[in-house]
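A.B. asks: 5 is the number of the first residue of the sequence shown in the working numbering; add one for each residue after it.
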Amino acid sequence: MIHRRIAFAVVAVLALALAGCGFHLRKEAQLPASMQRIHIAGVDPNSPLGKDLVKALPRAGATVVDTVEDGVAVMKFVANSFTTDVLSVSGTARANEYSLRYHVEFQVENAAGTALLPRQTIELTREFTFDASQALGVAAETDLLTKELQRDMVQTVLRRLEAVAHAQQP
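Below you can see the structure in the form of structure tokens.
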């Protein structure tokens, strides 16, 4: 009986501490009114970035359109690339550590070509170690890290777009 009361007291204290610290879950990004209708250019619609943006933008309150017309913002991707770099080499001249880099450059313009968001460069990286005895595991880890980078990139792009909305507010 005493253990139950102590456990309840600990849970209550932790709940109060968590509520008191101001912690709250992050909401979906809210795009500015100038980006409520948006066209995506410069990225393959079948690529992971293209597919994820088409899914994420409506959750942020935007409508993705296929054509550029009056009142439609254009998100232009200038660069979209993955690279793998060797970070360290063992004494036997074999790579021990790698770095995955995901580089994206984009800008957002209105239909008239006026910049709503100037050119943005985002580069995300993840490092991992290579163990020759676990080659299959390394391939699975690389795939997992690549997918994670793709998800993180979409969220980072949306947060940059949301920052425009906050900058435009008085």
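Even for Gly, the Cβ is constructed at its ideal location relative to N, Cα and C.
Which residue from Ala144, Arg105, Ala13 and His43 puts its Cα closest to that of Lys80?
C.D. replies: Closest option to Lys80, Cα to Cα, is His43.
A.B. asks: Using DSSP bridges, identify the partner residues of Ile44.
C.D. replies: Answer by DSSP bridge pairing, in chain order: Met79.
A.B. asks: Pick helix, strand or coil for Gln154, following the three-state DSSP scheme.
C.D. replies: Residue state, collapsed to three classes: helix.
A.B. asks: Between Arg8, Ser85 and Asn114, which lies nearest to Arg105 when the distance is taken from Cα to Cα?
C.D. replies: Checking every option, the nearest Cα to that of Arg105 belongs to Ser85.
A.B. asks: Going by the beta-carbon positions, is the gap between Val158 and Asp56 smaller than 7 Å?
C.D. replies: Yes. Within cutoff.
A.B. asks: Mark Val108 as exposed unless 16 or more other C-beta atoms lie within 10 angstroms of its C-beta, in which case mark it buried.
C.D. replies: Per the 10 Å Cβ criterion, buried.
A.B. asks: Could you round the C-beta distance between Ala115 and Val82 to whole angstroms and report it? I think they count as a contact, below 8 Å.
C.D. replies: About 19 Å; that fails the 8 Å criterion.
A.B. asks: By the three-class DSSP mapping on this structure, what secondary structure does Glu145 have?
C.D. replies: If DSSP states are grouped into helix, strand and coil, Glu145 belongs with the helices.
A.B. asks: Check whether the region 92-103 touches the region 62-72, taking contact to mean three or more Cβ pairs, one atom from each stretch, closer than 8 Å.
C.D. replies: No, because fewer than three Cβ pairs between the region 92-103 and the region 62-72 fall closer than 8 Å, the two stretches do not touch.
A.B. asks: Where does the unbroken alpha helix (DSSP H) through Ala115 begin, and where does it stop?
C.D. replies: No alpha helix (DSSP H) holds Ala115; DSSP gives it neither H nor E.
A.B. asks: Between which two residues does the alpha helix (DSSP H) containing Pro62 stretch?
C.D. replies: Where Pro62 is concerned, the enclosing alpha helix (DSSP H) stretches over Pro52 to Arg63.
A.B. asks: Rounded to whole angstroms, what's the CA-CA distance from Lys59 to Ala11? Just pull it up for me.
C.D. replies: One C-alpha to the other measures close to 43 Å.
A.B. asks: Helix, strand or coil: how does DSSP classify Arg98 here?
C.D. replies: If DSSP states are grouped into helix, strand and coil, Arg98 belongs with coil.
A.B. asks: Give the DSSP bridge partners of Ile126, in chain order.
C.D. replies: DSSP, once it has assigned bridges, lists Val108 as partnering Ile126.
A.B. asks: Provide the residue(s) that pair with Ser85 in DSSP beta bridges, ordered along the chain.
C.D. replies: Answer is His107.
A.B. asks: Do you know how far the Cα of Ile6 is from the Cα of Leu18?
C.D. replies: Answer to the nearest angstrom: the Cα atoms are 18 Å apart.
A.B. asks: Going by DSSP, what residues sit across from Phe132 in a beta bridge?
C.D. replies: Answer is Tyr102.
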